[in-house]
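Structure first, then comments.
This is the structure we're talking about:
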């Protein structure tokens, strides 16, 4: 597109960026060069360190090591304000808009002209219309943000950074929330922008759209830059995927089926209200049956009810209606403690928030969630010696790399923290395992180890509920696959017969199998569409 | 790890002696420096002032007084610390022990029981009233979401009002004196002191000095607090709730029940504070308008200074009253007595800050250490 015209000028140059968080090295020597006037894609798996890198660039935090150059000048951002001053603006994945204000009010919010009685409405409206026409980002300046659709809200976000004079725009997974037509419009706008000399950087893990729209691609894996593609027309999605995951990546394939007819967990007619919005259901009449020896996968775009499902099964939040049975016993009214004691193991999505106490030693973290049962205690007292012994066993068997069982959990890397959690759940003789994004943000080695544990759990006769955003993982491990969309299960699929592409069509709600009239045609259409795109 | 000689002094000291020693020492140095400068600015001689303080403290009488008062302070510190450990700010320990002591004094003086029953009876009343008074902000928090900081502070005023009204109208002794006080607790209801034991082993105390038996109660409270916190399942859940409420909930802790239990426990321990003056101090043995007040607020400082740890609070309590005791007679020597408050304030602030800084540094170092190791692991993993 524009790469020949301004090939020489470099908008952004990052060298050897290192950023550490407790337990994780999010960026470990990332290099990035972005040409002025180009659309630059950054691809990588979940947890590869893309968002961390963008936050560094946007001034949201400072890197531990490395240099940032913008238009040739070295920069050290103390805050996003410094970044916007040199023309860098960020569009977040989760919109940062005030719903109860109009579009133009949102645009000027935080950037008012500095007079106590005037907030520049006229100027804002004119400039908004102007920007909208020029870049194909038309939005009514006087519309209430609450009334806008997702695509339009994103436009407002982009307009906001343009309004502030950004010439380098970073978009964090901009297409994750958009429907296909909106995706096309977005990239059309970005092309207009870059044609006018602006630079766009976007994060994605959707390889097809990256190949179709980016002028250059940088691939990040495990916090490192592993590939730079200056000319995307020379690569295909297979090459990119290999770069992203590394060719030595083991596959999450399960072997022969171990599914039995014994029902481990049965969820019937489960509905959960959205907090604060009684009329809107976060989960609407969910029915899921998990048998012993079965992994039931839940696919879906994040925020479609997965979190509420987990909370309902564990009894963390009240439900509106429905019943949950564990091996025939109704646990709908049981407390979280009783449910966990009855044998529900839990691998939470956010391990540091819900799964551990970072300042506590490993052995106390192993007891967490099992503090009422042997060997950690008798319900009244904590048995320190037995807990330590069990922790040693978990460290050994699950290959947790740590100097001792007495160091605080915050000294472990993310992968080792996760192995510890998986280990403590598996050694506490669970009957059902709820695994929410069990391999999110961890390194390849730990990921393989956790897949192995999931298979082991299955062969031991556990019922496993697997929620994941990694479609390969879902398809590879699951025996049954449900797709959740807008609080409902809109498709139940046989993993062997689906590809990530087909799954994707169900996840966006554009196809469904639960409607008897549509089942055959929609599935066929989805399969056809997927095949067409996949083998292109 | 990095070469020790290149690390900052603070880190080197910390790794050699541990933050538990370094922080208080630094705090003491800073506190003495700050108060010396204040004295100098006011035209006083700090060396003479500290010599006087040293002279006062260097006596058996002072030691006994510090231990006696330190025991009251210790229980106050533990009462507040239980709440702090769970992330609850019980600012209401003051009202809780005040009401507890008033009821215990009134009913305790009325009762006619043998010593083995009389003391537990009085203690039980104080603990129950303290716990019940603390249950009010607990219930308000759990059912209505009322912030316990606000409600406990406000309930202190209510407790002051109620206790003054009850004492003036119902619980006051009717013996014609002008003193507003309850009847004196009979001997059967008092805690024995250590004087006889000490003199029997040849450690006779100076005349007028009494080593109060309440110290035993304070020690038992400390041991109980330690066992509860670090050995029991409830204490484990309490600490998890304080550090990470989300993880506590996921592990099966009922957050509302935990809030209610903890604040009642905190109030019940607060109820024990008043037992010190009531059953163990010869100048009291009764509840009156001369009763030691504001011990609950001192407890807040001590929990903070002692980092909510049973041993830390003990040291904090002793240092706290040592400063008070040492600076008490300064006025008679021509020095401003406020120097005690300056010493306490500077000591508390410096200790808290130094501790926090050291903790963060050592944590960062541990993380960096682990981060370096784990990045090596990623490379090694495929092999």
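Residue numbers (the numbering used here), protein chains in the order written: chain G, 245 to 780; chain V, 26 to 408.
Think of the CB as a built atom: it goes at the ideal place given N, C-alpha and C, for glycine as much as any other residue.
In this text the structure is predicted, and so the values were computed from the model without any measurement.
Beta-carbon proximity check, residue i vs residue j, cutoff 7 Å
i: residue 753 (chain G); j: residue 536 (chain G); result: no
i: residue 261 (chain G); j: residue 310 (chain G); result: yes
i: residue 383 (chain G); j: residue 399 (chain G); result: yes
i: residue 548 (chain G); j: residue 728 (chain G); result: yes
i: residue 48 (chain V); j: residue 380 (chain V); result: yes
i: residue 288 (chain G); j: residue 488 (chain G); result: yes
i: residue 116 (chain V); j: residue 178 (chain V); result: yes
i: residue 23 (chain V); j: residue 53 (chain V); result: Limits of chain V in this structure are 26 at one end and 408 at the other, which puts residue 23 (chain V) out of reach.
i: residue 292 (chain V); j: residue 159 (chain V); result: yes
i: residue 654 (chain G); j: residue 602 (chain G); result: yes
i: residue 792 (chain G); j: residue 269 (chain G); result: Coverage of chain G is limited to positions 245 through 780, which leaves residue 792 (chain G) absent and any answer about it impossible.
i: residue 120 (chain V); j: residue 180 (chain V); result: yes
i: residue 589 (chain G); j: residue 677 (chain G); result: yes
i: residue 285 (chain G); j: residue 454 (chain G); result: yes
i: residue 479 (chain G); j: residue 751 (chain G); result: no
i: residue 327 (chain G); j: residue 303 (chain G); result: yes
i: residue 644 (chain G); j: residue 666 (chain G); result: no
i: residue 220 (chain V); j: residue 230 (chain V); result: yes
i: residue 350 (chain G); j: residue 377 (chain G); result: no
CA-to-CA distance, residue j to residue i, given in whole angstroms
i: residue 663 (chain G); j: residue 274 (chain V); result: 21 Å
i: residue 157 (chain V); j: residue 507 (chain G); result: 47 Å
i: residue 319 (chain G); j: residue 94 (chain V); result: 59 Å
i: residue 402 (chain G); j: residue 335 (chain G); result: 6 Å
i: residue 467 (chain G); j: residue 59 (chain V); result: 48 Å
i: residue 330 (chain G); j: residue 407 (chain G); result: 14 Å
i: residue 493 (chain G); j: residue 609 (chain G); result: Residue confidence for residue 493 (chain G) is low, a pLDDT of 48 falling below 50, so the modelled location carries little weight; the figure read from the coordinates is stated next. Distance between the alpha carbons of residue 493 (chain G) and residue 609 (chain G) is about 30 Å.
i: residue 408 (chain V); j: residue 649 (chain G); result: With a pLDDT of only 29 at residue 408 (chain V), under the threshold of 50, the placement of this residue in the model should not be trusted; the figure read from the coordinates follows. One C-alpha to the other measures close to 26 Å.
i: residue 474 (chain G); j: residue 456 (chain G); result: 14 Å
i: residue 388 (chain V); j: residue 41 (chain V); result: 16 Å
i: residue 300 (chain G); j: residue 278 (chain G); result: 15 Å
i: residue 286 (chain V); j: residue 162 (chain V); result: 12 Å
i: residue 679 (chain G); j: residue 528 (chain G); result: 21 Å
i: residue 234 (chain V); j: residue 322 (chain V); result: 27 Å
i: residue 624 (chain G); j: residue 699 (chain G); result: 34 Å
i: residue 82 (chain V); j: residue 164 (chain V); result: 45 Å
i: residue 515 (chain G); j: residue 582 (chain G); result: 21 Å
i: residue 638 (chain G); j: residue 257 (chain V); result: 23 Å
i: residue 264 (chain G); j: residue 71 (chain V); result: 48 Å
i: residue 256 (chain G); j: residue 591 (chain G); result: 39 Å
i: residue 114 (chain V); j: residue 374 (chain V); result: 19 Å
i: residue 594 (chain G); j: residue 681 (chain G); result: 8 Å
Interface residues of chain V facing residue i [CB-CB closer than 7 Å]
i: residue 601 (chain G); result: 265, 268, 269, 272
i: residue 598 (chain G); result: 271, 272, 275
i: residue 678 (chain G); result: Under the 7 Å cutoff, chain V gives no residues; its nearest Cβ is about 10 Å from residue 678 (chain G).
Proximal chain V residues relative to residue i, where beta-carbon distance stays under 9 Å
i: residue 604 (chain G); result: 264, 265, 268, 269
i: residue 579 (chain G); result: 277, 279
i: residue 550 (chain G); result: Within chain V, no residue comes near residue 550 (chain G); the closest Cβ sits about 16 Å away, beyond 9 Å.
Residues that residue i contacts on chain V, provided the C-beta gap is smaller than 8 Å
i: residue 560 (chain G); result: 274, 275
i: residue 592 (chain G); result: 275
i: residue 396 (chain G); result: Result: empty, since nearest Cβ-Cβ is about 34 Å, beyond 8 Å.
Chain G contact residues for residue i, given Cβ-Cβ distances below 9 Å
i: residue 220 (chain V); result: Those do not exist, as residue 220 (chain V) stays about 38 Å from chain G at its closest Cβ, beyond 9 Å.
i: residue 315 (chain V); result: Ordered by position in chain G, no residue passes the 9 Å Cβ test against residue 315 (chain V), which lies about 43 Å from the chain.
Cross-chain neighbours of residue i in chain G, by beta carbon under 8 Å
i: residue 256 (chain V); result: 625, 626, 628
i: residue 391 (chain V); result: 651, 652, 654, 655
Chain-ordered neighbours of residue i on chain G, where CB pairs are closer than 7 Å
i: residue 55 (chain V); result: The contacting residues do not exist; residue 55 (chain V) stays about 27 Å from chain G at best.
Amino acids of chain A, ordered along the chain, whose beta-carbon sits closer than 8 Å to that of residue i
i: residue 611 (chain G); result: Among the protein chains in the structure shown, which are G and V, there is no chain A.
>> Is it the case that the region 106-114 of chain V contacts the region 342-359 of chain V, given that we only count it when at least three CB pairs across the two stretches are under 8 Å?
In response: no
> Taking contact to mean at least 3 C-beta pairs separated by less than 8 Å, is the region 412-423 of chain G in contact with the region 444-458 of chain G?
Replying inline: yes
> What residue ranges within the region 421-495 of chain G form continuous alpha helix (DSSP H) runs of no fewer than 4 residues, ordered along the chain?
Replying inline: 424-439, 451-457, 481-489
> Curious, which full-length alpha helix (DSSP H) runs of at least 4 residues does the region 190-260 of chain V contain?
Replying inline: 220-225, 239-256
> Hey, which unbroken runs of the alpha helix (DSSP H) at 4 residues or more fall wholly within the region 658-735 of chain G?
Replying inline: 658-670, 688-703, 715-721
> Below 8 Å, can you find three or more Cβ-Cβ pairs linking the region 357-374 of chain V to the region 51-68 of chain V?
Replying inline: yes
> At a cut of 8 Å, does the region 334-347 of chain V reach the region 128-142 of chain V through at least three beta carbon pairs?
Replying inline: no
> Taking the runs of the alpha helix (DSSP H) that are 4 residues or longer, which of them lie wholly in the region 334-406 of chain G?
Replying inline: 347-352, 365-379
> Where in the region 538-588 of chain G do unbroken runs of the alpha helix (DSSP H), each at least 4 residues long, occur, reported from the N-terminal end onward?
Replying inline: 550-558, 580-585
> Three or more beta-carbon pairs under 8 Å between the region 363-370 of chain G and the region 425-443 of chain G, yes or no?
Replying inline: no
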